[in-house]
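Notes to accompany the following structure.
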DNA sequence: GACAAATGTGTGCAGTGCATACATGATAGG
DNA sequence: CCTATCATGTATGCACTGCACACATTTGTC
């Protein structure tokens with residue numbers, strides 16, 4: 001028993017702070033994520049975390065980056081290499097589920113103004129973009145991958161947020177999954193109707 | 001000279017707080033939206049706003065509700081009664097533009113956990129939902145209005161957030177408008193491609 | 001004109017981010 | 001092995017916040 005009371009040096013305070021921040025976020029929402037609370041939970045003085053994170057935003061960015069990585073894993077786990085619209089729907093469900101299972105984390109990831117300075121943060125979002133692009137390329141080989149990736153990410157992302165904000169019924173996982181699948185289906189059914197709407201008449205004004 | 005110095009009673013402090021809150025939000029972001037700052041700007045003691053708003057969240061909710069109303073007006077102004085996909089694209093552009101023109105407000109509206117208690121808040125969001133439904137019904141008379149409304153709102157909403165978060169190039173209004181239109185177009189082109197997706201040729205590498 | 005309700009003020013407390021000065025102990029040089 | 005250095009953690013202090021409480025002022029209403 002070499003360490004009667006806590007040793008002066010923590011060992012890996014950086015990681016401990018991240019972990020503590022993550023826990024506080026999941027337990028009591030982003031309002032509870034204060035540097036002091038993090039320090040308390042890590043069993044360390046109030047200002048110690050500043051040795052590892054320049055300010056509160058830096059810590060939040062680190063948490064967000066970890067969230068991006070977990071989201072990517074979660075999506076990949078839902079379907080490693082989606083090739084059909086059905087597969088894509090499964091991934092969409094996983095995306096929304098992640099948001100609903102980690103609401104505060106998801107909000108931190110997307111809902112806070114983020115300076116593009118955080119290296120790991122941008123690289124983590126690029127990874128997600130690449131993942132979506134890959135899916136689009138294999139499911140819709142004939143489409144413009146960039147535009148369609150934008151469309152699909154936006155769609156799924158918006159779906160997640162609307163559920164998160166209580167704009168759509170999110171009472172049970174099954175209800176959500178069904179709703180998401182229905183929305184995906186609706187997405188792929190939109191166009192035929194369109195072909196009878198854009199008429200022979202010349203483009204309207206502008 | 002009836003009022004040498006400010007009169008004891010403000011007159012309409014409730015509205016003044018809302019106004020001040022809105023200004024602070026636009027000027028310095030949501031972090032600057034403190035009740036004390038609001039009170040200062042309204043030229044009133046720090047605790048006076050509590051007579052009109054139970055707590056900070058109540059004020060924020062009021063600001064959000066006003067934001068919803070303005071968003072609805074903004075959309076209606078973009079196109080009073082959209083009837084074609086082109087019209088719909090114009091509305092989508094307006095939606096995204098609103099988010100980019102009022103980033104902090106938009107975040108307050110959607111990015112904060114919102115208790116569904118705020119009467120005016122829920123009624124304001126219902127109004128937006130009705131508006132979207134109306135569009136969908138007239139543009140896609142043959143589709144399931146509920147599912148497709150969800151799809152389209154989610155899509156446009158996600159588009160707004162991704163631009164807001166710097167995930168998509170938002171350097172100039174024109175770039176954004178073009179991107180949004182391209183995404184809308186991609187949305188309506190998705191399905192034909194889909195029908196040929198489970199193809200004879202095996203998926204390319206990866 | 002008295003009185004009650006609505007509105008605004010003042011003070012105080014617990015909590016926050018962060019700057020600054022100081023303490024400790026791991027590690028490398030002699 | 002002893003010591004100097006320096007990353008790491010501590011202590012203290014300031015300006016700020018939300019909010020509870022007791023108090024002051026004004027505005028109706030009988």
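Residue numbers (the numbering used here), protein chains in the order written: chain A, 1 to 206; chain B, 1 to 206. Beta carbons: idealized from backbone N, C-alpha and C, even for Gly.
Task: Inter-residue spacing [alpha-carbon to alpha-carbon] between residue 162/A and residue 182/B - done: 23 Å
Task: Between the CA atoms of residue 139/B and residue 85/B - distance to the nearest angstrom - done: 7 Å
Open item on the list: Run through chain A and tell me which residues come within less than 9 Å of residue 107/B, C-beta to C-beta.
Closed with: 111, 112 and 113
Open item on the list: Less than 7 Å between the C-beta atoms of residue 262/A and residue 108/A, yes or no?
Closed with: Absent from the structure is residue 262/A, since the part of chain A shown begins at 1 and ends at 206.
Task: Whole runs of the beta strand (DSSP E) within the stretch 48–132 of chain A, excluding any shorter than 3 residues - done: none
- [ ] Using only alpha-carbon positions, find the residue among 58/B, 127/B, 89/B and 69/B that is nearest to residue 14/B.
- [x] 58/B
TODO: Using a cut-off of 9 Å between C-beta atoms, extract the partners of residue 161/A located in chain B.
DONE: 110, 111, 154, 157, 158 and 161
Open item on the list: Contact defined as beta carbons within less than 8 Å: I believe residue 68/A pairs with residue 124/A. What is the distance between those atoms, to the nearest angstrom?
Closed with: 3 Å
Task: Backbone CA spacing between residue 56/B and residue 23/B [nearest angstrom] - done: 16 Å
TODO: Would you identify the three-state DSSP class for residue 162/B, choosing helix, strand or coil?
DONE: helix
- [ ] Work out the CA separation of residue 177/A and residue 187/A for me, nearest whole Å.
- [x] 15 Å
- [ ] Could you tell me the distance, in whole angstroms, from the CA atom of residue 102/A to the CA atom of residue 26/A?
- [x] 7 Å
Task: From 184/A, 93/A, 17/A and 30/A, residue whose alpha carbon lies closest to that of residue 105/A - done: 30/A
- [ ] Please work out which residues of its chain come closer than 7 Å, Cβ to Cβ, to residue 152/B, disregarding the five sequence neighbours upstream and downstream, and give them in chain order.
- [x] 132 and 136
TODO: Please classify residue 175/B: is it buried, with 16 or more other beta-carbons within 10 angstroms of its beta-carbon, or exposed?
DONE: exposed
Open item on the list: When you compare the CB positions of residue 77/B and residue 160/B, do they come within less than 7 Å of one another, or not?
Closed with: no
Open item on the list: Which residue marks the beginning of the alpha helix (DSSP H) containing residue 35/B, and which one marks its end?
Closed with: 35–41
TODO: Classify residue 121/A as buried or exposed, calling it buried when 16 or more other Cβ atoms lie within 10 Å of its own Cβ.
DONE: buried
Open item on the list: Counting only beta-carbon separations shorter than 7 Å, does residue 172/A have a partner in chain B?
Closed with: no
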